[in-house]
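Peer 1: Following this message is one structure expressed as structure tokens.
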Amino acid sequence: MVDDTELSALQQSARDHLWMHFTRMSSYDSAEVPIITRGDGAYIWDAHGRKYLDALGGLFVSQLGHGRTELAEAAAKQASELAYFPLWSYAHPSAIELADKIAGYAPGDLNRVFFTTGGGEAVESAWKLAKNYFKLVGKPLKHKVISRAIAYHGTTQGALSITGLPGLKAPFEPLVPSTFRVPNTNSYRASEITGGFLDGSDPEAFGRWAADQIAVAIENEGAETVAAVFLEPVQNAGGCFPPPPGYFERVREICDQYDVLLVSDEVICAYGRLGHMFGASRYGYQPDIITSAKGITSGYAPLGAMIASDRLYEPFAKGTETFLHGYTFGGHPVSTAVALKNFEIFENEKINEGVREREGAFRGTLEKLLDLPIVGDVRGDGFFYGIELVKDKATKETFNEDESERLLRGFLSKALFDAGLYCRADDRGDPVIQLSPPLICGQEHFDEMEQKLREVLTQAANLL
1 MVDDTELSAL QQSARDHLWM HFTRMSSYDS AEVPIITRGD GAYIWDAHGR
51 KYLDALGGLF VSQLGHGRTE LAEAAAKQAS ELAYFPLWSY AHPSAIELAD
101 KIAGYAPGDL NRVFFTTGGG EAVESAWKLA KNYFKLVGKP LKHKVISRAI
151 AYHGTTQGAL SITGLPGLKA PFEPLVPSTF RVPNTNSYRA SEITGGFLDG
201 SDPEAFGRWA ADQIAVAIEN EGAETVAAVF LEPVQNAGGC FPPPPGYFER
251 VREICDQYDV LLVSDEVICA YGRLGHMFGA SRYGYQPDII TSAKGITSGY
301 APLGAMIASD RLYEPFAKGT ETFLHGYTFG GHPVSTAVAL KNFEIFENEK
351 INEGVREREG AFRGTLEKLL DLPIVGDVRG DGFFYGIELV KDKATKETFN
401 EDESERLLRG FLSKALFDAG LYCRADDRGD PVIQLSPPLI CGQEHFDEME
451 QKLREVLTQA ANLL
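Throughout the sequence shown, residue numbering follows my numbering, covering 1 to 464 in sequence.
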């Protein structure tokens with residue numbers, strides 16, 4: 001808890017100098033900036049000493065929860081030995097050991113690990129590698145990318161181009177050209193997505209249809225021009241869309257048919273979020289590249305990784321060829337040391353096994369909310385769920401823009417936080433509440449989430 005004098009100074013400095021990310025700064029003209037001062041386990045506390053359940057894992061990051069002294073000690077030990085050195089033609093032990101560890105976790109021949117400082121950089125690196133690779137193997141026209149509607153892949157110019165959220169892109173256009181969108185796998189909205197052709201009652205048929213739209217897009221653009229398809233195992237934006245049965249199997253066939261790289265964007269889904277080190281392993285498909293970040297250190301230090309197949313690395317292993325790309329802080333010694341300790345804890349405490357054991361209980365607890373008239377769908381896998389909110393449950397009618405503004409920003413976001421629940425109310429697609437708690441959570445945390453969501457969503461329904 002921060003005393004009143006210090007808190008007043010922090011509030012003023014925040015208003016005067018701190019430009020927060022993705023934040024409507026005018027919101028704090030007449031309201032306090034929420035200041036989080038500490039965390040322990042699955043909980044965080046603000047400057048007033050109020051306690052909140054961290055039901056979003058910070059930002060899909062805090063796999064092991066807050067206050068793990070082992071991770072802090074690993075960072076301090078590494079900083080005292082070698083605080084910094086770049087991976088530009090040199091190496092250091094923790095980066096080498098971590099690359100070896102990640103290659104061991106990754107499916108198939110994904111044995112080449114290129115470190116970044118975060119997820120957007122990993123996505124950017126993957127697109128650059130795809131274009132560079134095809135130039136080296138004599139297919140220089142292959143440069144285009146296909147991704148899904150509403151999908152978020154990052155904020156850098158290339159990653160934002162791949163992103164399927166027009167509202168996020170418009171302020172920064174023109175962006176990098178040559179990216180194209182296909183339908184996502186929101187089974188709840190299958191009828192709308194397919195134009196009434198399918199209603200979602202046959203998930204396998206919907207998955208086949210959605211995958212086939214990738215082939216249509218490749219044909220439309222010309223297979224000789226398409227380099228890669230970027231897909232998340234479970235799509236985040238829009239509210240956690242798991243893949244229908246057979247979807248990724250069909251996508252892999254399509255990519256092989258047209259010589260297009262399959263990039264599994266696992267910035268959120270990797271490192272335990274779905275009960276496996278990688279979502280591709282959970283759903284049984286083989287990508288050519290995995291992009292990852294967030295849970296790689298459980299948030300204790302910034303780090304990302306692009307993991308590429310031996311096939312993609314091979315042209316760069318000869319003669320004078322060089323992947324002319326890198327980041328000053330990519331593979332930072334402190335971050336890679338923390339990641340190694342993070343994975344040691346994963347293995348010792350059987351974190352992935354615990355997620356798989358408890359995910360059914362988590363889902364079942366959240367599905368109790370389906371008795372509320374405002375809750376249309378509960379979906380997700382592992383410890384990664386979305387709750388879609390609707391105006392009319394029978395017709396699945398959603399909220400218009402003004403209603404969504406009043407519901408999410410005008411009421412839900414603040415009401416959930418005031419109730420002691422930190423999560424995300426998001427309207428980048430249809431309005432949803434997203435949950436991605438630390439992987440250490442158990443039934444008592446699931447119950448607390450359900451109770452607080454029930455209380456606030458009941459109030460929200462009464463306001464409509």
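Yeah, the Cβ is synthetic: ideal placement off N, Cα and C, and Gly gets one too. It should be emphasised that the depicted structure is a prediction, and the values quoted were computed from it without experimental measurement.
1. Mind reading off the beta-carbon distance from A95 to G331? Whole number of angstroms is fine, and I expect it under 8 Å.
2. Taking the C-alpha atoms as reference points, what is the distance between V123 and L464?
3. Between the alpha carbons of L64 and N342, how many angstroms are there, rounded?
4. Among N186, A159 and I193, which has the Cα closest to the Cα of E173?
5. State the start and end residues of the unbroken beta strand (DSSP E) segment that holds Y283.
6. Pull up the distance between the alpha-carbon of L7 and that of R409, whole angstroms please.
7. Using the rule of at least 16 other Cβ atoms within 10 Å of the residue's Cβ for burial, across every protein chain shown, is P333 buried or exposed?
8. Among D371, G382, D377 and F134, which has the Cα closest to the Cα of P233?
9. Go ahead and pull the three-state DSSP assignment for T179.
10. Spatial neighbours of E71 within its chain, please: CB distance less than 6 Å, with the 5 preceding and 5 following residues excluded, ordered by chain position.
11. Thinking just about the alpha-carbon of each residue, which of P315, G295 and T291 is nearest to the one in I307?
12. If you follow the beta strand (DSSP E) that G304 is in, where does it begin and where does it stop?
13. Within 10 angstroms of the Cβ of V216, are there 16 or more other Cβ atoms? Answer buried if so, exposed if not.
14. Skipping 5 residues on each side, what residues in its chain have a beta carbon closer than 7 Å to that of P302?
15. Should the stretch 347–360 be called in touch with the stretch 426–443, which here means at least 3 C-beta pairs below 8 Å?
16. Let me check one thing: in DSSP terms, what residues is F241 bridge-paired to?
17. Using beta carbons (cut-off 9 Å, strictly below), is V355 in contact with chain B?
18. Considering only residues of the same chain and omitting the five flanking positions on each side of P93, which have a CB-CB separation below 8 Å?
19. Looking at C-alpha atoms only, which residue of A99, Q157 and R24 is the closest neighbour of E121?
20. Find the nearest neighbour of A317 within the set Y133, A270, K77 and R50, judged by alpha-carbon distance.
21. Looking at C-alpha atoms only, which residue of S13, F241 and I44 is the closest neighbour of G429?
22. Using the Cβ count rule (16 or more neighbours within 10 Å means buried), how would you classify P177?
23. Just confirm the distance between the C-beta atoms of V378 and L416, as a whole number of angstroms; I'd bet it's less than 8 Å.
24. By DSSP, does L110 sit in helix, in strand, or in coil?
25. Measuring only the C-alpha atoms, how far is G104 from Q286?
26. In this structure, does DSSP put D259 in helix, strand or coil?
27. Do A461 and I374 count as a contact pair if the criterion is CB distance below 9 Å?
28. So, under 8 Å CB-CB, L53 and L421 are touching, yes? Tell me the CB distance rounded to an integer number of Å.
29. Which value, in whole angstroms, describes the spacing of the CA atoms of E367 and L56?
30. Just how far apart, CA to CA, sit D202 and P244?
31. Going by beta carbon distance, what residues of the same chain come within less than 6 Å of T179, once the five residues before and after it are set aside?
32. Going along the chain, which unbroken runs of the beta strand (DSSP E) with 3 or more residues stay wholly within the stretch 297–361?
33. Starting from the N-terminal side, write out each stretch of the beta strand (DSSP E) that is 3 residues or longer and does not extend beyond the stretch 365–429.
34. Could you name the residues of the same chain whose beta carbon sits closer than 7 Å to that of A130, not counting the 5 residues immediately before and after it, in chain order?
35. Can you check the stretch 122–163 for any beta strand (DSSP E) of at least 3 residues that lies completely inside it and give the ranges in chain order?
36. Determine the DSSP secondary structure at D54, reduced to helix, strand or coil.
Peer 2: The structure says:
1. The Cβ separation is near 4 Å, so the contact holds.
2. 40 Å
3. 8 Å
4. Out of N186, A159 and I193, the CA that lies nearest to the CA of E173 is found in A159.
5. Run containing Y283: none in the beta strand (DSSP E); it sits in the alpha helix (DSSP H), G279 to Y283.
6. 25 Å
7. buried
8. G382
9. strand
10. In the sequence as displayed, the identity of residue 71 is Leu instead of Glu. Hits under 6 Å: Y300, V338 and K341.
11. T291
12. G304 to A308
13. The residue is exposed, with fewer than 16 neighbouring Cβ atoms inside 10 Å.
14. T117, G118 and S335
15. yes
16. Under the DSSP definition of a beta bridge, F241 partners with Q235.
17. The structure shown has no chain B; it contains just one protein chain.
18. Taking C-beta separations shorter than 8 Å and ignoring five residues to either side along the sequence, P93 has no partners in its chain.
19. Looking at the Cα atoms, Q157 is the closest of the given residues.
20. Y133
21. F241
22. exposed
23. About 16 Å separates the two Cβ atoms, so there is no contact after all.
24. Assignment of L110 by DSSP, reduced to helix, strand and coil, places it in the coil class.
25. 15 Å
26. coil
27. Cβ atoms of I374 and A461: closer than 9 Å.
28. 5 Å
29. Rounded to whole angstroms, E367 to L56 spans 18 Å at the Cα level.
30. D202 and P244: Cα-Cα distance of roughly 9 Å.
31. Hits under 6 Å: V145, S161 and I162.
32. 304–308
33. As far as the stretch 365–429 is concerned, its whole beta strand (DSSP E) runs of at least 3 residues are 375–381, 384–389 and 424–426.
34. A227, A228 and L261
35. 144–148
36. strand
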